[in-house]
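Read the structure below first, then the notes.
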């Protein structure tokens with residue numbers, strides 16, 4: 001009997017109650033370890049992706065288990081339907097592709113990766129593998145302590161959501177994926193009353209602050225982002241804002257999340273030397289190597 005694709009990687013598909021199914025670690029995984037690799041389908045839009053899926057009997061079988069979302073985002077047919085495919089079948093394929101795809105040099109659809117559930121406090125992340133002209137991806141452990149056997153593997157459907165307040169996160173997820181997020185982070189912040197928390201515009205000392213409470217404040221993260229390139233800020237203060245923003249990203253994102261590498265590339269030229277700067281640089285190098293060769297070691301040796 002053939003193993004399911006995820007089983008060969010030490011993953012288990014389990015019924016997780018109200019949230020439905022999800023993939024759980026069947027063994028211990030260390031930080032930086034690749035959990036799963038998949039080559040998916042890519043097209044310029046969800047409509048074209050639906051046609052790609054319907055044209056392949058194998059792909060049609062792979063999407064049969066996926067969630068069917070509402071059709072409010074439908075933009076119309078992308079072309080002539082494959083022979084023998086009804087409009088009802090096309091609508092079904094589209095609704096599944098639309099709610100289980102993401103942007104990756106176009107619209108990318110990964111039928112197995114779609115089984116991983118979302119969390120605003122992820123322990124894993126998707127990254128692109130070579131060759132980049134194809135939809136090759138990997139799910140990587142980003143939690144500093146790794147993922148213990150029996151733990152659900154979760155990633156953020158939108159990495160930008162790691163750095164925005166609760167109300168905005170939930171709004172984006174509800175608009176794009178049709179669910180109100182009840183992950184551990186959202187529940188903790190809701191219970192703390194952060195959904196209704198509207199802060200006053202910060203003063204410059206707050207934007208420059210390296211106090212832990214300020215670095216972990218997503219409202220301050222957003223405020224810094226808005227003034228990073230403001231022409232009226234003296235150069236010395238701009239360098240401090242860049243440095244504080246990179247330090248805040250290290251506080252807010254999971255330990256090895258690829259978003260740290262992206263933010264590092266944006267900010268490092270004006271950042272002062274610091275532990276957060278060194279860590280973000282290592283994260284950037286790790287994902288650069290993984291993206292170029294398909295393999296990388298964490299932590300980097302000799303660095």
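Numbering (UniProt numbering), first residue to last: 1 to 303.
Beta carbons: idealized from backbone N, C-alpha and C, even for Gly.
Fewer than three pairs of CB atoms, one per stretch, sit closer than 8 Å, so the segment 154 to 164 makes no contact with the segment 45 to 57. If you compare the alpha carbons of 236, 297, 139 with that of residue 204, the shortest gap goes to 236. Distances from the CA of residue 116 to each of 67, 258, 27, 174 were compared; the closest alpha carbon is that of 67. Here residue 126 carries a strand assignment [DSSP, helix/strand/coil].
Out of 19, 137, 37, 270, the CA that lies nearest to the CA of residue 228 is found in 270.
194 is the residue among 148, 289, 194, 44 whose C-alpha sits nearest the C-alpha of residue 164. Annotated three-state conformation of residue 189 is helix, per DSSP.
DSSP places residue 101 within a strand segment (E or B) once states are collapsed to three. Annotated three-state conformation of residue 279 is helix, per DSSP. A straight-line Cα-Cα distance of about 24 Å links residue 178 and residue 127. The Cβ atoms of residue 192 and residue 215 lie no closer than 8 Å to each other. Counting along the chain, residue 261 sits inside the alpha helix (DSSP H) bounded by residues 258 to 267. Beyond the five residues adjoining it in sequence on each side, residue 239 comes within less than 8 Å, by CB distance, of 270, 271, 272 in the same chain, given in chain order. Rounded to whole angstroms, residue 276 and residue 224 show a C-alpha spacing of 17 Å. Ranked by Cα distance from residue 45, the first of 39, 85, 105, 84 is 105. Inclusion of residue 298 and residue 10 in the CB contact set at 8 Å is not warranted, their separation being larger than that value.
For residue 113, no alpha helix (DSSP H) run applies, since DSSP gives it neither H nor E. In this structure residue 60 does not touch residue 146 by the C-beta definition: roughly 36 Å separates them, more than the 8 Å allowed.
The beta-carbon distance between residue 261 and residue 244, rounded to whole angstroms, is 18 Å. This is too long to meet the 8 Å contact definition.
Residue 12 carries a strand assignment under DSSP once its states are collapsed to helix, strand and coil.
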